[in-house]
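In what follows, a single structure is set out as structure tokens and then discussed.
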Amino acid sequence: MKNIILIGPMAAGKTTIGKHLAQMLDRPFYDSDDEIESKAGINISWIFDVEGEAGFRLREEKMIAQLCEKHPIILSTGGGAIKSGKNRLLIQENGIVVYLATSVEKQLQRTKNDTKRPLLQNAASKKELLESLALERNPLYESTAHIIIQTDNHKPKNVALLIIEAIEEKFKVDPVRV
Ligand SMILES: Nc1ncnc2c1ncn2[C@@H]1O[C@H](COP(=O)(O)OP(=O)(O)O)[C@@H](O)[C@H]1O
Ligand SMILES: O=C(O)C1=C[C@@H](OP(=O)(O)O)[C@@H](O)[C@H](O)C1
Ligand SMILES: [Mg+2]
Numbered sequence: 001m002k003n004i005i006l007i008g009p010m011a012a013g014k015t016t017i018g019k020h021l022a023q024m025l026d027r028p029f030y031d032s033d034d035e036i037e038s039k040a041g042i043n044i045s046w047i048f049d050v051e052g053e054a055g056f057r058l059r060e061e062k063m064i065a066q067l068c069e070k071h072p073i074i075l076s077t078g079g080g081a082i083k084s085g086k087n088r089l090l091i092q093e094n095g096i097v098v099y100l101a102t103s104v105e106k107q108l109q110r111t112k113n114d115t116k117r118p119l120l121q122n123a124a125s126k127k128e129l130l131e132s133l134a135l136e137r138n139p140l141y142e143s144t145a146h147i148i149i150q151t152d153n154h155k156p157k158n159v160a161l162l163i164i165e166a167i168e169e170k171f172k173v174d175p176v177r178v
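Put into structure tokens, the structure is as follows:
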């Protein structure tokens with residue numbers, strides 16, 4: 001059985017929607033950021049502070065490779081996971097990749113009180129940072145994904161249902177069995 005792997009920018013809802021999806025499909029849920037933190041015993045902000053983004057990306061590559069060995073799971077990745085060509089290939093080979101798309105406006109709303117995303121915390125302008133990440137990364141999300149879901153006008157549970165419907169439609173199979 002195939003994994004379902006969620007990609008997309010910060011605050012697209014990957015972590016939240018992945019949990020709903022796992023519950024609906026009765027599968028184990030993993031979030032690569034949470035797994036990195038529990039394995040390291042330290043949080044992502046600390047990793048960025050001490051090891052820089054490069055150190056975090058190395059840990060992320062290793063964790064995604066480990067998680068891709070598990071089947072069948074729901075895997076939520078971090079927004080920058082698709083920067084790595086190795087990650088892109090691995091997730092495409094090991095699951096149905098779903099891109100949760102959102103707008104910078106929604107990202108700003110949803111991260112207004114956030115303290116856990118170092119890229120945002122360190123930005124002089126959150127809006128400019130998110131816009132430049134979107135320019136750089138949206139083409140990668142698009143080319144990596146098997147399915148793209150626009151999340152902006154839907155509640156998280158509804159997005160999970162849309163994912164199930166899209167899998168049924170595209171693969172002509174019940175997602176419980178896909
Ligand atoms: N479709 C949505 N509608 C409203 N709020 C959402 C939606 N998706 C996510 N959120 C909220 O946005 C915040 C970030 O969501 P999260 O799941 O952590 O995103 P990601 O893992 O993609 O960074 C959370 O507070 C979450 O409840
Ligand atoms: O976009 C990024 O580069 C990042 C996104 C975060 O995950 P979410 O997308 O779940 O916020 C987390 O992996 C880290 O802060 C870096
Ligand atoms: Mg997340």
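Residue 1 is where the sequence shown starts when you use UniProt numbering, and the numbers rise one by one after that.
Idealized CB from N, CA, C, for every residue including glycine.
Predicted, not measured: the structure shown is a model, and the values here were computed from it.
Which same chain residues end up closer than 6 Å to Ile91 when comparing Cβ atoms and leaving out the 5 residues on each side of it in sequence? Sequence index remark: in the sequence shown, residue 91 carries index 91 (1-based). The residues are Ile5 and Val97.
Rounded distance between the beta-carbons of Gly79 and Glu60, thought under 8 Å: The sequence position of residue 60 within the sequence shown is 60, counting from 1. The sequence position of residue 79 within the sequence shown is 79, counting from 1. Not confirmed; about 11 Å, so no contact.
The beta strand (DSSP E) spanning Gly95 covers which residue range? Numbered from 1 along the sequence shown, position 95 holds the residue referred to as residue 95. Element bounds for Gly95: Gly95 to Ala101.
Using 8 Å as the cut-off, can you tell me whether the stretch 54 to 68 makes contact with the stretch 133 to 152, which would need three or more C-beta pairs spanning the two stretches below that distance? no
Just how far apart, CA to CA, sit Gly13 and Pro156? Here the question's residue 13 lines up with position 13 in the sequence shown. Here the question's residue 156 lines up with position 156 in the sequence shown. C-alpha separation (whole angstroms): 7 Å.
Less than 7 Å between C-beta atoms, sequence neighbours within five positions excluded: which residues of the same chain meet that for Thr151? Reading the sequence shown from its first residue, position 151 is the one you call residue 151. Cβ within range, chain order: Ala12, Gly13, Leu100, Ala101, Thr102 and Val159.
Measuring from the CB of Ser76, is there a heavy atom of ligand 1 at a distance below 7 Å? Stepping through the sequence shown from its first residue, residue 76 is reached at position 76. True, at least one ligand heavy atom lies under 7 Å from that Cβ.
How many Å lie between Gly18 and Leu162 at the Cα? Working through the sequence shown from its first residue, we reach residue 18 at position 18. Working through the sequence shown from its first residue, we reach residue 162 at position 162. Cα to Cα, Gly18 sits roughly 12 Å from Leu162.
Go ahead and label Gly85 buried or exposed: buried means 16 or more other beta carbons lie within 10 angstroms of its beta carbon, across all protein chains shown. Counting from 1 along the sequence shown, the entry for residue 85 is found at position 85. When all chains shown are included, Gly85 counts as exposed.
In terms of residue numbering, what span does the alpha helix (DSSP H) encompassing Asp33 cover? Locating residue 33 in the sequence shown gives position 33, where the first residue counts as 1. From DSSP, the alpha helix (DSSP H) with Asp33 extends over Ser32 to Ala40.
Which residues in the same chain as Ala81 place their Cβ atom closer than 7 Å to its Cβ, once the five residues preceding and following it in sequence are excluded? Taking the sequence shown and counting its residues from 1, one reaches residue 81 at position 81. Only Ile7, Ser32, Glu60, Ile64 and Asn87 meet the Cβ criterion.
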